[in-house]
Ligand SMILES: [Zn+2]
Ligand SMILES: [Zn+2]
Ligand SMILES: [Zn+2]
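Residue numbers (our numbering): 634 to 889.
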């Protein structure tokens, strides 16, 4: 009886919390109540760009850009070298050829860039073409070059590359791409990316994209997944579908 009363009075004394980064015991007035408790000192440390946890020891190879760092456990999953990005691009091309028989006649270059450069280039692209901020957060196409942020997760970079290959295909095989509803233009590329990701076994990234709740990429992807149930794949690939007719129906269906 008395031990139960004790539990209710001071639970922190019985179950002390430890910082998930440095392991020191957390005082009750620190931010130690979440599932990943962090002490005051660690909450001011530089955080890993991939997992978001504070980094204990800065080592030279953990530097991504300027003030951006990655922790040692995340580093192997990130694209930090141009050669790795080039390899990933070739794998993406093979995956999409296998999954959808997509072959590009005029390949764009791929380039790893700093995050600030992507944002700068992206803003310019948005001003000129009315692109979407989501696209810009990850990548921006300019002068025939696909830009991918240094430190992007490998599966995410793979999705970006497949998406951009989708655009290349679109411009080579569809007409009036720029006049299309963004939901169709971007949704098609997300659908292409979905096939590439599943083909390569990046199921988690595929699921992540399917769950996006935004009205262009997420809605567009779900639109094309629905479309592929009723329209032959080949007609979708060559843009030979009466999109507006289907779009109204499916937009209505996905209104949240
Ligand atoms: Zn700590
Ligand atoms: Zn990390
Ligand atoms: Zn796009």
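In this text, a Cβ means the ideal position worked out from N, Cα and C, and glycines have one as well.
Model, not experiment: these values are computed from the prediction.
Subject >> Unbroken alpha helix (DSSP H) run spanning residue 869, endpoints >> reply: 866-870
Subject >> Near ligand 2: residue 683 beta-carbon under 6 Å from a heavy atom >> reply: yes
Subject >> Closer than 6 Å: residue 679 CB and nearest ligand 4 heavy atom >> reply: For ligand 4, the structure offers nothing, since it holds only ligand 1, ligand 2 and ligand 3.
Original post:
CB-CB under 6 Å to residue 771, same chain, minus the five flanking residues each way: which ones, in chain order?
Top reply: Confidence is the limiting factor: at residue 771 the pLDDT is only 44, short of 50, which leaves the residue's position unreliable and the question unanswerable from this model.
Subject >> Beta-carbon proximity of residue 751 to residue 780, cut-off 7 Å >> reply: yes
Original post:
For residue 728 versus residue 873, is the C-beta distance shorter than 7 Å?
Top reply: no
Original post:
What separation, rounded to the nearest whole angstrom, lies between the Cα atoms of residue 673 and residue 648?
Top reply: 19 Å
Subject >> Local Cβ density within 10 Å of residue 738, reported as buried at 16 or more and exposed below that >> reply: exposed
Original post:
Whose C-beta lies closer than 8 Å to the C-beta of residue 871 among residues of the same chain, with five residues either side of it excluded?
Top reply: 806 and 807
Original post:
With a Cβ-Cβ cutoff of 7 Å, do residue 654 and residue 687 count as a contact?
Top reply: yes
Subject >> Alpha-carbon spacing of residue 821 relative to residue 851, whole angstroms >> reply: 11 Å
Original post:
With distances taken from CA atoms, which of 743, 705, 699 and 724 is nearest residue 715?
Top reply: 743
Original post:
Roughly how many whole angstroms lie between the Cα atoms of residue 815 and residue 656?
Top reply: 48 Å
Subject >> Close beta carbons around residue 658, own chain, < 7 Å, minus the five adjacent residues each side >> reply: 649 and 651
Original post:
Quick one: does the C-beta of residue 675 sit closer than 6 Å to a heavy atom of ligand 1?
Top reply: yes
Original post:
Where do the ends of the beta strand (DSSP E) carrying residue 741 lie?
Top reply: Careful: residue 741 lies outside any beta strand (DSSP E) and carries neither H nor E.
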